[in-house]
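Under full-length UniProt numbering, the first residue of the sequence shown carries the number 1, and numbering increases by one thereafter.
A short write-up of the structure that comes next.
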Amino acid sequence: MTQQRVRVGIVGPTGYAGMELVRFIAQHPYMDVSYLAGSGAHTGPIGDVLPHLRRLSGLPTVSAFSPAACAESCDLAFVALPSGESGAIAVELATRGVRVIDLSGDLRLPGDVYRAWYQREPLANEVLARAVYGLPEVNRTDIAAASLVANPGCYATAAILALRPLVGWVDAQRVGPIAIDAKSGATGAGRGAKQHLQLGELANDFYPYRVGAHQHTPEIEQALDGVFRILLTTQLLPIPRGIFVSAYVQIDPDLAPAVHARYASFYESAPFVDVLPPGHVPHIKSVAGTNDCQISIAWNERTRILQVFSAIDNLGKGAAGQALQNANLMCGFDETMGLSGTALWT
Ligand SMILES: NC(=O)c1ccc[n+]([C@@H]2O[C@H](COP(=O)([O-])OP(=O)(O)OC[C@H]3O[C@@H](n4cnc5c(N)ncnc54)[C@H](OP(=O)(O)O)[C@@H]3O)[C@@H](O)[C@H]2O)c1
């Protein structure tokens, strides 16, 4: 059977998530990048601003974004702009008949929740209702039928994948609040110049930020069907990329011997989630540059607390890789297309 080729646009290709989309899609057998556009600050060949992409052939030049030009040249578009800018553009493109994956937080939450956690005016609720939450391990069928997908946040992806097998399996009342200790590499904050991201600030330091107020908190609770209350602590690691989550859960001790089997069967048909054998732990370096998520669990008999660890690349499964996985599902392709490859250990 001849496969229909898909013309793909990337809005925001000079950002961290956008440039990873260009890199992934260049390896896709049935997708062609047909449109690249940003704010207008960078125009011309993408290799002029991103030298590692210089030798990719057949890429269009980067232009200033125009909805009409994008809709004309694409069947599907990724919109990877800052929250507050991205969602409205994604919706406009969807209205023009383009299938869209939005990587920002603008389409993930109901309006009132978004307003409270992002401190910004949301899009209209009827617009938000059109977007499907794009976590394939939870929502594969809905994504395949969607024309507008809200790609999950990076911390949210790592945390939800770590905890989702417990939903409907443990007694949430008995579990009580779940502590999630989450750490991210500096690219999680985007490419714009910010003082706290300069080498002299970030190197040799470590501290929590947005304590009690990180905007991925309601996203995680929502994707866990609202059954758990979570306490999320977010911290920046002095490394470029990667997310590591440690979650602490008070499950019924009688369930402890069955937890590993529960995780393994829950993710049996999830090609990117690797539930590690007992005694192993995830590494950020094991997933760097890939769309993989490594998960391990450990029952602590002394405290009767279950530890769940997960690692992803914030730009891979946390952003561009997951966006391409969603696009594959929306186009009827195998969800792994363009996403094979092993991490670079060092
Ligand atoms: N970084 C991550 O790990 C990560 C993970 C998950 C989700 N996300 C989300 O993905 C989105 C992109 O993140 P990022 O880290 O890639 O950001 P970034 O590095 O700051 O890049 C932002 C991109 O947006 C473009 N842009 C900004 N304003 C624009 C406008 N008004 N019109 C057109 N283009 C505009 C910039 O283009 P110019 O260069 O032309 O200015 C740049 O290409 C954000 O919503 C973020 O929350 C990021």
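Each residue gets a CB set at the ideal place from its N, CA and C atoms; glycine is no exception.
message: Are there any heavy atoms of ligand 1 lying less than 8 Å away from the beta-carbon of E85, as far as the coordinates show?
response: yes
message: Considering only their Cβ atoms, is the gap separating A77 from L53 smaller than 9 Å?
response: Taking 9 Å as the Cβ cut-off, L53 and A77 do not qualify as a contacting pair.
- request: Flag A41 as yes when its Cβ comes closer than 8 Å to any non-hydrogen atom of ligand 1, and as no otherwise.
  value: Under cutoff, so the answer is yes.
query: Would Q119 be called buried (16 or more neighbouring beta carbons within 10 Å of its own) or exposed?
result: exposed
field: Under the three-state DSSP convention, the category R7 falls into
entry: strand
message: At the level of alpha carbons, what is the spacing between K183 and P282?
response: Between the alpha carbons of K183 and P282 lies a gap of roughly 13 Å.
message: Can you check which of these residues, E335, G321, R304, is closest to D252 by C-alpha distance?
response: R304
field: For Q119, three-class secondary structure by DSSP
entry: Residue state, collapsed to three classes: coil.
task: Alpha carbon to alpha carbon, how far is T217 from A189? Give it in angstroms, no decimals.
output: The straight-line gap from Cα to Cα measures roughly 17 Å.
query: In terms of residue numbering, what span does the alpha helix (DSSP H) encompassing N125 cover?
result: 125-128
field: Selected residue, minimal CA-CA separation from residue 349, among G200, S265, I180
entry: No statement about residue 349 is possible, as the shown extent of the chain runs from 1 to 346 and does not include it.
query: What distance in whole Å lies between the Cβ atoms of N314 and L307, which are believed to be in contact at a cut-off of 8 Å?
result: With the sequence shown as reference, residue 307 is identified as Gln, and Leu is not the correct amino acid for it. That belief does not hold up - the Cβ atoms of Q307 and N314 are roughly 21 Å apart, past 8 Å.
task: Measure the C-alpha to C-alpha separation of Q3 and F333 and round it to an integer number of angstroms.
output: 9 Å
message: Pairs of beta-carbons, one from the region 323-330 and one from the region 58-78, closer than 8 Å: are there three or more?
response: yes
- request: Starting from C331, follow its DSSP beta bridges and name the residues at the other end.
  value: Under DSSP, C331 shares a beta bridge with no residue.
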